[in-house]
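>
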Amino acid sequence: MESFVTFLVKTASLLALFFLLFPFIATVVSFLGGKRDKARFGNMHKEANETADFGCIITAYRNLNIALPAIDALLKQNYKNYHVYLIADDCDISELAGSSFPDGKVTVLMPSEPFHAKVKSIQYAVENYVQPHTHTVVFDADNLAAPDFLMEMNRYIQQGYRIVQGKRTAKNLDTIYACADATGEIYKNYIERYVPYLLGSSATIAGSGMAVETGLLKEFLYSPEIIQLLKDGRVIVAEDKKLQNFLLNRQQVIAFAAEAVVYDEKVKAAAQVKRQRTRWLYAYFQNIPQAARLTVGGIGGFNRNLVIAGIFSLIPPLFILLFGSVLLALINCGLLDGGWFMVMILGIVFFIGNIFWVLWLNNAPRQIWQALWGLPLFIIYQMLALFHIKQASKNFMHTQHSATVGIDQVGQQQ
826 MESFVTFLVK TASLLALFFL LFPFIATVVS FLGGKRDKAR FGNMHKEANE TADFGCIITA
886 YRNLNIALPA IDALLKQNYK NYHVYLIADD CDISELAGSS FPDGKVTVLM PSEPFHAKVK
946 SIQYAVENYV QPHTHTVVFD ADNLAAPDFL MEMNRYIQQG YRIVQGKRTA KNLDTIYACA
1006 DATGEIYKNY IERYVPYLLG SSATIAGSGM AVETGLLKEF LYSPEIIQLL KDGRVIVAED
1066 KKLQNFLLNR QQVIAFAAEA VVYDEKVKAA AQVKRQRTRW LYAYFQNIPQ AARLTVGGIG
1126 GFNRNLVIAG IFSLIPPLFI LLFGSVLLAL INCGLLDGGW FMVMILGIVF FIGNIFWVLW
1186 LNNAPRQIWQ ALWGLPLFII YQMLALFHIK QASKNFMHTQ HSATVGIDQV GQQQ
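Throughout the sequence shown, residue numbering follows the numbering used here, covering 826 to 1239 in sequence.
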């Protein structure tokens, strides 16, 4: 029995060490030799000279006021070929009273019955396009696209990429929770999007601020999996991960456009942290089997894109990986020799050091460095979210936002 327990502890420790060190090693390799500007990888189209026509979908849920600055930001784009679609899901349309939009640029769509599902809102928008769009860009209602956002996305599309993820950046750093949330976004942008992209793989999809070739998006929206989930009345929480898996299984490459900035509101209070992380944790655990299949399939098929993307999808959330590794280090100290304990501690040091290195490489704002002392509090509320994971399978778990600042104000702050 003791030998079996020892075997389990060693196996878990090796797996934890791999997840601790892989981001650091990948960062070093990409930093020293990663280059992806116009390289040809995966199932990409030939470089195109024509400009993309974007259908920009804003999914609003129970709050239209928060979406008005998002529309204004899109109307200020340094780009011409696009149309904005505002989906008012379970919203009070009277909130738009007094608002006026340029003719031919904005379409407001209000379903007769509430959807309570982001996938349904996107389906509804695509079905009601006023003109054919080569690509579709999805935004959350609190997102603000920088003036050059669509122009930068088009630049990557002209290189042949069919899916491009923009760079989500915090538009508010007004609380400890917001700074902690922004810290995680900086880390994810670099480790899970920029690094894989440099290594010849795909960036992870963030759920908003991404452009997808409309034909591909329709294939996903009306795929057997999505149709069955909607038919069964099940809550679709991880639509971004499902889309990512769908695209990777079709040998697609997801580019990361670091220059295409979309500002995203960060959580301001503890209740928001717990609610948002409950949804994210549920999505992570639900996605483990598919991520494992992608990784194994990539190894068997010598497919770098699938292997790297699959591994990054398997890496646990930061707080789970960190606390799990500390626990394993303590168990190793009691069950095994001191060498295993020291190896685990070394892995944890490299992991934490990599986080600080990423913040430094990205010139993290002063507010984030000053708020790092509040990370333990942020982690505590993430741990509490673990006890509410089952709620995410029954509830839309929408994160409420309240900031109504415009793109001009955010641009000045940046």
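All residues carry an ideal CB built from backbone N, CA and C; glycine is no exception.
Just list the beta strand (DSSP E) runs in the region 1113 to 1174, keeping only unbroken ones of 3 residues or longer that don't cross its boundaries, in chain order.
Listed in chain order, nothing qualifies, since the region 1113 to 1174 has no complete beta strand (DSSP E) run of 3 or more residues.
> How should P1052 be labelled, buried or exposed, when 16 other C-beta atoms within 10 angstroms of its C-beta is the threshold for buried?
The sequence given here has Ile at residue 1052, not Pro. I1052 comes out exposed.
> Taking the C-alpha atoms as reference points, what is the distance between L1054 and F1166?
Going by the C-alpha atoms only, they are around 45 Å apart.
> Taking the C-alpha atoms as reference points, what is the distance between A971 and I1156?
Taking the straight line joining both Cα atoms gives about 49 Å.
> Answer with buried or exposed for R993, where buried requires no fewer than 16 other C-beta atoms within 10 angstroms of its C-beta.
Classification for R993: buried.
> What's the gap between the Cα of E1010 and the Cα of S1138?
E1010 and S1138: Cα-Cα distance of roughly 15 Å.
> Taking 7 Å as the limit between beta carbons, can you name the residues of its chain near K1091, skipping five residues before and five after?
Same-chain partners within the cutoff: A995, N997, A1003, D1006, A1007.
> Use the C-beta contact count for P1114: other C-beta atoms within 10 angstroms, 16 or more gives buried, fewer gives exposed.
Classification for P1114: exposed.
> Suppose you measure from the CA of V944 to the CA of T959; what does that come to, to the nearest Å?
Spanning the two alpha carbons is a distance of roughly 19 Å.
> Could you tell me the alpha carbon to alpha carbon distance between V853 and A1083, rounded to whole angstroms?
Going from the Cα of V853 to the Cα of A1083 covers about 19 Å.
> Whose C-beta lies closer than 7 Å to the C-beta of E1064 among residues of the same chain, with five residues either side of it excluded?
Within the same chain, E1064 has close Cβ partners K943, V944.
> Return the bridge partner residues of E1050 from the DSSP annotation.
None, per the DSSP bridge assignment.
> With a floor of 3 residues, list each beta strand (DSSP E) that falls wholly inside the region 870 to 931, ordered by position along the chain.
Taking only runs of at least 3 residues, the beta strand (DSSP E) segments lying wholly in the region 870 to 931 are 879 to 886, 907 to 914.
> Can you check whether the CB of N1187 is closer than 9 Å to the CB of F849?
Contact flag unset, no.
> Taking L1142 as the reference, which of S838, S1033, A851, K1013 has the closest Cα?
Residue 1142 is actually Pro in this sequence, not Leu. Closest option to P1142, Cα to Cα, is K1013.
> To the nearest angstrom, how far is the alpha carbon of Y886 from that of E920?
When rounded, the distance between both Cα atoms is 13 Å.
> What's the C-alpha gap between T831 and W1182?
One C-alpha to the other measures close to 34 Å.
> Could you give the residue range of the beta strand (DSSP E) that holds M935?
That residue, M935, is in no beta strand (DSSP E); it is neither H nor E in DSSP.
> Using the rule of at least 16 other Cβ atoms within 10 Å of the residue's Cβ for burial, across every protein chain shown, is S1318 buried or exposed?
Since the first residue of the chain shown is 826 and the last is 1239, residue 1318 is not available in this structure.
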